[in-house]
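Student:
What follows is the structure, encoded as structure tokens:
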């Protein structure tokens, strides 16, 4: 009986993994400076499809909005207006086909600091 249960479990695991969709490839990266603006980029999505968020974690208290630019492999892709959400300024570009091994960066107007991250292909993995 024990062998049957172990065999059933061993056969069920690959089927469960094969039926699962691709795992999310969520990542984030921030500039790491002790003074000045701390800029972050967050990628949310699966493999080559991501939404991209530019975040300014420590803007001046009175600042309500600021232009943020998205760079795609070093080229300017789009500029949008980030708005205050709590203590941060942020803007999210909706889900788009970013591909894999793509370098995405964000920079806020008036700042030389740029946060970058690279898209990755993670394959089809089960979400546990």
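Numbering (the working numbering), first residue to last: 2 to 129.
A virtual CB, placed ideally from N, CA and C, is assigned to each residue, including glycine.
Remember, it's a predicted structure, so these values are computed and weren't measured experimentally.
Tell me the rounded alpha-carbon separation between residue 65 and residue 85.
Tutor: Cα to Cα, residue 65 sits roughly 5 angstroms from residue 85.
Student: Tell me, please, which residues DSSP counts as bridged to residue 36.
Tutor: For residue 36, which the question treats as bridged, DSSP gives no partner whatsoever.
Student: Under 8 angstroms, with one C-beta from each stretch per pair, do the stretch 28-37 and the stretch 92-104 reach the 3-pair mark?
Tutor: Contact fails: fewer than three Cβ-Cβ distances are below 8 angstroms.
Student: Can you determine whether any heavy atom of the ligand ADP sits closer than 7 angstroms to the C-beta of residue 69, and answer yes or no?
Tutor: This structure lacks the ligand ADP, and indeed carries no ligand of any kind.
Student: Would the stretch 46-60 count as touching the stretch 88-95 if we require 3 or more Cβ pairs under 8 angstroms?
Tutor: Flag = yes, the stretch 46-60 and the stretch 88-95 touch.
Student: Alpha carbon to alpha carbon, what distance is there between residue 58 and residue 39?
Tutor: Computed Cα separation, rounded: 6 angstroms.
Student: Return the first residue and the last residue of the beta strand (DSSP E) that residue 56 is part of.
Tutor: 50-57 is the extent of the beta strand (DSSP E) around residue 56.
Student: Tell me the rounded alpha-carbon separation between residue 60 and residue 88.
Tutor: Going from the Cα of residue 60 to the Cα of residue 88 covers about 8 angstroms.
Student: One question on the structure: do residue 67 and residue 109 come within less than 8 angstroms of each other, judged by their Cβ atoms?
Tutor: Going by C-beta atoms, residue 67 is nearer than 8 angstroms to residue 109.
Student: With which residues is residue 76 paired in a DSSP beta bridge?
Tutor: Paired residue(s): 73.
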